[in-house]
Amino acid sequence: MAKNDAHHKDNENVSFSASDTGKMETSVSQLQDWLTALSGTQLTEWDRLPDIGLYMDQILTLMDRQLAFYRRSDEDRLLTPAMINNYTKDGLLPRATDKKYTQGHLALLSILCSLKPVLSISDLAVLSENAHLQKDDHEIFDYFLRAQAEALENSRSDLAPLLIELTETSFTGETGQDAYKQELALMALRMAVEARVRIMMTQKILDLLQPPETRRS
Numbered sequence: 000m001a002k003n004d005a006h007h008k009d010n011e012n013v014s015f016s017a018s019d020t021g022k023m024e025t026s027v028s029q030l031q032d033w034l035t036a037l038s039g040t041q042l043t044e045w046d047r048l049p050d051i052g053l054y055m056d057q058i059l060t061l062m063d064r065q066l067a068f069y070r071r072s073d074e075d076r077l078l079t080p081a082m083i084n085n086y087t088k089d090g091l092l093p094r095a096t097d098k099k100y101t102q103g104h105l106a107l108l109s110i111l112c113s114l115k116p117v118l119s120i121s122d123l124a125v126l127s128e129n130a131h132l133q134k135d136d137h138e139i140f141d142y143f144l145r146a147q148a149e150a151l152e153n154s155r156s157d158l159a160p161l162l163i164e165l166t167e168t169s170f171t172g173e174t175g176q177d178a179y180k181q182e183l184a185l186m187a188l189r190m191a192v193e194a195r196v197r198i199m200m201t202q203k204i205l206d207l208l209q210p211p212e213t214r215r216s
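Read left to right, the sequence shown gives residues 0 to 216 (numbering that gives the first Met the number 0).
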């Protein structure tokens with residue numbers, strides 16, 4: 000490549016980096032807005048769930064709205080007919096009566112779909128079985144909503160100050176974009192480590208709830 004062409008290419012890269020730094024600032028601002036709205040986000044409460052039997056297509060439509068909170072992108076499908084059938088076969092979900100699903104089904108599906116990314120089917124089965132020993136679907140769902148609201152608020156309170164500190168830091172020059180990305184990556188690493196430790200502790204508790212002959216060695 001000729002020197003003039005190389006110099007022109009370097010200038011393009013510098014401009015691109017400066018532009019991307021601005022884009023990162025905008026993205027962080029959008030993340031802050033999302034985080035603020037997150038503190039008031041709730042799934043539909045038990046008393047607002049339909050108390051009439053719903054067919055499969057109605058369940059999928061309703062749950063699509065119910066689970067929108069968990070989507071990473073608009074293309075995500077968090078619940079399908081096959082998943083509902085598998086949950087039923089695995090004993091995690093009661094069979095529909097005359098092909099109709101109740102409030103209890105909706106509540107359990109909300110819990111299962113939210114926890115599926117972090118717990119195995121066998122762990123979900125142990126959790127569900129023991130949670131139902133002295134509580135019904137309504138009580139468990141109410142507990143789930145309270146636990147989720149508390150977890151959201153705690154996580155929001157942890158992350159919000161870090162984002163404020165990031166926005167108050169000036170990143171300029173060719174390395175500005177990389178500095179932004181690194182700080183965000185470290186935030187993600189910290190939260191991922193915390194999540195992993197909590198999952199490990201959850202698994203240990205669930206292992207204690209399994210019959211001795213089925214426990215992992």
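For each residue, glycine too, the CB sits at the ideal point set by N, CA and C. As the structure is a prediction and not an experimental result, all values here were calculated from the model.
Residue span of the alpha helix (DSSP H) that contains Lys-180, given as start and end: Boundaries of the alpha helix (DSSP H) around Lys-180: 175-208.
DSSP three-state label for Leu-53, please. Reduced to three states, the DSSP call for Leu-53 is strand.
Looking only at its chain, what residues have a beta carbon closer than 6 Å to the beta carbon of His-104, apart from the 5 residues adjacent to it on each side? Close CB contacts of His-104 within its chain, under the 6 Å cut and outside five residues either way in sequence, are absent.
Count the C-beta pairs between the stretch 203-210 and the stretch 110-126 that are closer than 8 Å, then say yes if the count reaches three, no if not. Because the criterion of three Cβ pairs below 8 Å is met, the stretch 203-210 and the stretch 110-126 touch.
Under a Cβ-count criterion, where at least 16 other Cβ atoms within 10 Å of its own Cβ denotes burial, should Trp-45 be classed as buried or exposed? Around the beta carbon of Trp-45, a 10 Å sphere encloses 16 or more other beta carbons of the protein chains shown; the residue is thus reported as buried.
Residues in its own chain within less than 6 Å of Asp-50 by CB, not counting five upstream and five downstream? Once the five neighbours on either side are set aside, the close Cβ partners of Asp-50 are Gln-102.
Give me, in chain order, the residues of the same chain whose beta-carbon lies closer than 8 Å to that of Leu-91; leave out the 5 immediate sequence neighbours on both sides. Here the set comprises Leu-107, Leu-111, Ile-120, Leu-123, Ala-124, Ser-127.
Going along the chain, which residues of its own chain have a beta-carbon closer than 7 Å to the beta-carbon of Asp-135, five neighbours each way excluded? Contacts found: none.
Tell me the DSSP secondary structure of Thr-96 in three-state form. Three-state result, Thr-96: strand.
Can you say whether Asp-9 is buried or exposed, counting buried as having 16 or more other CB atoms within 10 angstroms of its CB? For Asp-9, the predicted structure reports a pLDDT of 39, less than 50, and the residue's modelled location is therefore unreliable. A value from the coordinates is still provided. Around the CB of Asp-9, fewer than 16 other CB atoms lie within 10 Å, so the residue is classed as exposed.
Please state whether DSSP places Gly-90 in a helix, a strand or coil. Gly-90: coil per DSSP, three-state reduction.
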